[in-house]
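Presented below is the structure to which this report refers.
Residue numbers (this note's numbering): 1001 to 1343.
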């Protein structure tokens, strides 16, 4: 009598299925990366920013308490200091790449996001860093707001300051002109944002009739609502209190919303690439951008977004106003979020 071979165990079948799923995932990522790479070549890449990567001992000296450079010329939305390099740092985990996304408003960082792309867990995580947190800056004798590093040494100095303050390994960055957000939001069919009662009240009480009109068009809800480009622009331009309960400015919400849209929908991600390239500057090559975009197209974005500083890790001082942070404790929570399970 003919004997049939024993069927594989459940463990073996699961392992085979996982191997097949992993193979298909690699194929899909490869195809998407190739598609984005081809698209970037057709559309022309964003403005290239050639910031050198150097060893720490090769970093140029910074004169103590020098004045920041003068603002860029009118119409120059994306500016950087070409002479200040980024300190070369090896990745702490080869499977996790941290990228700095900076939203610029009138030549100053209005939003700072750390975007962590994790190939091991196949996810994208976002950490919003408040630029007004006091920290030590190279070349300054007293602590200053973290975001002011951009004024003293451009994006290279800001990347180094974030790495030194937060204990990260950032080497790549993307600068984005926030003036392009209203038109971009309209092309994407609006942006989902949560509008608080105090914000609607501030708009309704504004002496500007156009702002009052926008306030009347918004509803107060704990759930996100879809805002068009004009509503996004007016909402984001409200006077920001020194520190609200979210510990992040509204520009962070806008940057986060755009990033989450790119992670949730391949079509929207490709549209963002198409519409937003002219408003970006980066030190990534076309291939690196295509690889990153391929990960965004297939990896889900983890929520919620981590806020820096965290609850109970900061203190406010009045006259003069300062925001001080317990950086050692903050780094522990941030590192767990970026490289391990969030606490």
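We put the CB at the ideal spot given by N, CA and C, even for glycine.
As the structure is a computational prediction, the values presented were derived from the model and not from experiment.
Under 7 Å Cβ to Cβ from residue i, same chain only, skipping five residues before and after it: list those, please.
{"i": "residue 1085", "result": "1051, 1052, 1053, 1054, 1059, 1156"}
{"i": "residue 1219", "result": "1225"}
{"i": "residue 1143", "result": "1134, 1135, 1136"}
{"i": "residue 1038", "result": "Because the pLDDT of residue 1038 is 46, which lies under 50, any placement of that residue in the model is unreliable, and the number read from its coordinates should be weighed accordingly. If we look at residue 1038 and ignore the five residues flanking it on each side, it has no Cβ neighbours."}
{"i": "residue 1331", "result": "1166, 1167"}
Run through DSSP, which three-state label would residue i get?
{"i": "residue 1144", "result": "strand"}
{"i": "residue 1218", "result": "coil"}
{"i": "residue 1208", "result": "coil"}
{"i": "residue 1320", "result": "coil"}
{"i": "residue 1136", "result": "coil"}
{"i": "residue 1105", "result": "strand"}
{"i": "residue 1272", "result": "helix"}
{"i": "residue 1298", "result": "helix"}
{"i": "residue 1031", "result": "Reliability fails at residue 1031, whose pLDDT of 47 lies under 50, so the model's placement of it is uncertain and the value that follows must be treated cautiously. Helix, per DSSP."}
{"i": "residue 1193", "result": "strand"}
Which residues in the same chain have their Cβ closer than 8 Å to the Cβ of residue i, if we skip the five residues on either side of it in sequence?
{"i": "residue 1192", "result": "1224, 1225, 1226, 1227, 1257"}
{"i": "residue 1251", "result": "1103, 1105, 1110, 1111, 1178, 1236"}
{"i": "residue 1096", "result": "1116, 1117, 1118, 1119, 1120, 1338, 1339"}
{"i": "residue 1169", "result": "1089, 1090, 1091, 1092, 1098, 1163"}
{"i": "residue 1238", "result": "1199, 1202, 1203, 1250"}
Taking the beta carbon of residue i as the centre, do at least 16 other beta carbons fall within 10 Å, making it buried, or is it exposed?
{"i": "residue 1160", "result": "buried"}
{"i": "residue 1282", "result": "buried"}
{"i": "residue 1088", "result": "exposed"}
{"i": "residue 1201", "result": "exposed"}
{"i": "residue 1149", "result": "buried"}
{"i": "residue 1279", "result": "buried"}
{"i": "residue 1005", "result": "For residue 1005, the predicted model reports a pLDDT of 49, less than 50, meaning its position is unreliable; a value from the coordinates is still stated below. So residue 1005 counts as exposed."}
{"i": "residue 1131", "result": "buried"}
{"i": "residue 1173", "result": "buried"}
{"i": "residue 1317", "result": "exposed"}
{"i": "residue 1336", "result": "exposed"}
{"i": "residue 1287", "result": "exposed"}
{"i": "residue 1056", "result": "exposed"}
Could you say which of the options lies nearest to residue i if we only look at CA atoms?
{"i": "residue 1113", "options": "1321, 1317, 1259", "result": "1259"}
{"i": "residue 1299", "options": "1261, 1285, 1056", "result": "1261"}
{"i": "residue 1253", "options": "1284, 1208, 1304", "result": "1304"}
{"i": "residue 1185", "options": "1176, 1158, 1197, 1231", "result": "1231"}
So, for residue i: in the same chain, excluding its five sequence neighbours on each side, which residues have a beta-carbon less than 6 Å away from its beta-carbon?
{"i": "residue 1195", "result": "1218"}
{"i": "residue 1255", "result": "1103, 1111, 1113"}
{"i": "residue 1329", "result": "1313"}
{"i": "residue 1263", "result": "1124, 1296, 1301"}
Taking residue i and residue j to be in contact with their CB atoms under 8 Å, please state how far apart those CB atoms are, rounded to whole angstroms.
{"i": "residue 1302", "j": "residue 1091", "result": "Not a contact, Cβ separation roughly 19 Å."}
{"i": "residue 1147", "j": "residue 1308", "result": "Not really, about 12 Å apart at Cβ, beyond 8 Å."}
{"i": "residue 1154", "j": "residue 1062", "result": "The Cβ separation is near 12 Å, so there is no contact."}
{"i": "residue 1183", "j": "residue 1215", "result": "Their Cβ separation, rounded to whole angstroms, is 22 Å, which puts residue 1183 and residue 1215 out of contact at 8 Å."}
{"i": "residue 1212", "j": "residue 1221", "result": "Actually they do not touch by this definition, with Cβ atoms about 20 Å apart."}
{"i": "residue 1334", "j": "residue 1166", "result": "6 Å"}
{"i": "residue 1233", "j": "residue 1181", "result": "7 Å"}
Does at least one heavy atom of the ligand PLP sit under 7 Å from the Cβ of residue i?
{"i": "residue 1054", "result": "Ligands in the displayed structure: none, and consequently the ligand PLP is not present."}
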